[in-house]
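Engineer: Can you keep this structure in mind? I'll have questions shortly.
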Amino acid sequence: MSTVKPFKGIRAPKEIAPKLAALPYDVINSEEARKLAEGNQYSFLHVTKPEIDLEPGIDLYDQKVYNKARENFSSFRKNGWLNQDPEENFYIYKQVMDGREQVGLMCCCSADEYWNDTIKKHELTRADKEEDRLKHVDVINANAGPVFLTYKATSSIDSLIGKAVQEKPEYDFTSPDGIRHVLWVVKDKNFAERITAEFKKIPCLYVADGHHRSAAASRIAKVRREKNPNHTGKEEYNFFLAVLFPHNHLYIMDYNRTVKDLNGNTPEEFMKKVEKSFIVEKTTEKKPSGAKTFGMYMKGQWYKLTAKPGTFNEKDPVESLDVSILQNNLLAPILGIQDPRKDKRIDFIGGIRGMNELEKVVNEGKFAVSFSMFPTSIEQLMSIADNGKIMPPKSTWFEPKLRSGVVIHSLE
């Protein structure tokens, strides 16, 4: 049984919303955030990436950064750039990218269901990043960005949402990157009752994107209930902001790898070691055309790597993932990348940046070799979560990204 709850959303007036909505905090660095927010006082990056309003180079975990987030969020509300809806509503959020739509229910989900695995995870979190989001939520007393959840699609939920989006939307704008964002405020009490009942039939939800956000939001619930002698379980801090999409709406892109050196190997030694587990062919193709194949770029040349039979466990949902095959048969044994979550010699490049980025970092001498990946499927993600297993880090890159600041959830 999955809980969905309406809430009193905090959001911008129609004319400000396109200027306020911002990319998630974790897909851009501080320098990129400064450029995106330059000349735009409304940008929600002033709240989610508040270091852009402090001295360059400041430690991102400095208390000054969190204090600035609180100050900016308070200022946005005092200026009337963000106002809270008087009643609890559900919201429907549609994104359109390259003609493809994904339509989801924006609501609050239960922190308790995160802890009891009704909301299933497929990635580990990093303690420092989780602590960062915990502090951010705590100081602004709100969920600034939604968690991206998915569920196995049902015709009944599709029908309810399909009818709701026949009404006139509250927002309809296109962001500078060409992605269209449409938001409906659903005040109909009959819809609320029916959608709540339908989700009670859904056995579980899956975290698609936002593991650190969901972990932090669920931890804050524990912290606050321990401090509240009158805790009832109905307080807003027991719930976190999310957008729930049916699984068949989602698009997962490749999440590629690049490594700074060959771990002491000459190019010739490296290639000989790679050939033990992979069939290696020179190619002009940059992207792999199917699972169990990889693109590799080194010294101005692309190669196609095909995993040899018997080099991985086909029956294991994790070990048979392309990211696992590359990690276990090449990155770890040959390049010495034992823990890709912590090793500074490896970097990850989302497919949205394209193959040119993989070539660029090698051609500039910053990295020695790049690998292009075949995307993980949503079915693989759900299977791994259902089996209580964990994917290797950076296995999925979802597009389009949910914007922060479209609707905000207050913890009061």
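If you read the sequence shown in my numbering, its first letter stands for residue 35, the second for the next number, and so on. Yeah, the Cβ is synthetic: ideal placement off N, Cα and C, and Gly gets one too.
For my contact list, residue 67 and residue 215 are in at a C-beta cut-off of 8 Å; report their separation, rounded to the angstrom.
Structural biologist: Contact doesn't hold; Cβ gap of about 19 Å is too wide.
Engineer: Go to residue 86, then tell me how far its alpha helix (DSSP H) extends in each direction, as first and last residue.
Structural biologist: Per DSSP, residue 86 belongs to no alpha helix (DSSP H) and is neither H nor E.
Engineer: Any contact between the segment 246 to 257 and the segment 140 to 151? By contact I mean 3 or more CB pairs, one from each, below 8 Å.
Structural biologist: The answer is yes - the segment 140 to 151 touches the segment 246 to 257, with three or more Cβ pairs under 8 Å.
Engineer: Report the partner residues of residue 71 according to the DSSP bridge assignment.
Structural biologist: Answer by DSSP bridge pairing: none, since residue 71 is not bridged.
Engineer: Which one or two residues does DSSP pair with residue 305 in a beta bridge?
Structural biologist: BP columns for residue 305 are empty, so no partner.
Engineer: In or out: residue 327 buried (at least 16 other Cβ within 10 Å) or exposed?
Structural biologist: Residue 327 should be labelled buried.
Engineer: If you follow the beta strand (DSSP E) that residue 276 is in, where does it begin and where does it stop?
Structural biologist: Taken as a continuous stretch (DSSP letters only), the beta strand (DSSP E) holding residue 276 covers 273 to 280.
Engineer: As a quick exercise: from 309, 179, 117, 187, pick the residue whose alpha carbon is nearest that of residue 280.
Structural biologist: Checking every option, the nearest Cα to that of residue 280 belongs to 187.
Engineer: Since I believe residue 42 is in contact with residue 118 (beta carbons under 8 Å), could you give me their beta-carbon distance rounded to a whole number of angstroms?
Structural biologist: So it is a contact: roughly 5 Å between Cβ atoms.
Engineer: Between residue 380 and residue 371, which are expected to be in contact by the criterion C-beta below 8 Å, what is the C-beta distance as a whole number of angstroms?
Structural biologist: Indeed they touch by this definition, with Cβ atoms about 5 Å apart.
Engineer: Of the choices 159, 198, 310, 236, whose alpha-carbon is the least far from that of residue 425?
Structural biologist: Nearest C-alpha to residue 425: 159.
Engineer: On the premise that residue 402 lies in contact with residue 296, defined as a C-beta separation below 8 Å, what is that separation, rounded to the nearest angstrom?
Structural biologist: Yes, they are in contact, since the Cβ atoms of residue 296 and residue 402 sit about 5 Å apart, within 8 Å.
Engineer: Do the CB positions of residue 168 and residue 242 come within less than 8 Å of each other?
Structural biologist: Against a cut-off of 8 Å, the Cβ pair of residue 242 and residue 168 comes out as no contact.
Engineer: Ends of the beta strand (DSSP E) at residue 384?
Structural biologist: Note, residue 384: beta strand (DSSP E), 380 to 384.
Engineer: Tell me whether residue 190 sits in a helix, a strand or coil according to DSSP, three-state version.
Structural biologist: Helix at residue 190.
Engineer: Of the choices 51, 88, 237, 303, whose alpha-carbon is the least far from that of residue 64?
Structural biologist: The option with the nearest alpha carbon to residue 64 is 88.
Engineer: Beta-carbon within less than 7 Å of residue 220's beta-carbon, same chain only, minus the 5 sequence neighbours each way: which residues are those?
Structural biologist: The answer, listed in chain order, is 123, 124, 125, 126, 198.
Engineer: Under three-state DSSP, which class holds residue 125?
Structural biologist: Of the three classes helix, strand and coil, the one that applies to residue 125 here is strand, per DSSP.
Engineer: What does the Cβ neighbour count give for residue 439, buried or exposed, with the cut at 16 atoms within 10 Å?
Structural biologist: Buried.
Engineer: State the Cα-Cα distance for the pair residue 34 and residue 354, rounded to the nearest angstrom.
Structural biologist: The structure shown does not extend to residue 34, since the chain is modelled only from 35 through 446, so no value can be given for it.
Engineer: What are the boundary residues of the alpha helix (DSSP H) that includes residue 390?
Structural biologist: Residue 390 -> alpha helix (DSSP H) spans 389 to 397.
Engineer: Can you give the Cα-Cα distance for residue 154 and residue 237, rounded to whole angstroms?
Structural biologist: Cα to Cα, the separation comes out at about 11 Å.
Engineer: According to the Cβ coordinates, are residue 304 and residue 142 closer than 8 Å?
Structural biologist: No, they are not a contact pair.
Engineer: Taking residue 136 as part of the beta strand (DSSP E), name the residues at either end of that continuous run.
Structural biologist: Residues 134 to 144.
Engineer: Report the three-state DSSP secondary structure of residue 196 (helix, strand or coil).
Structural biologist: It is helical.
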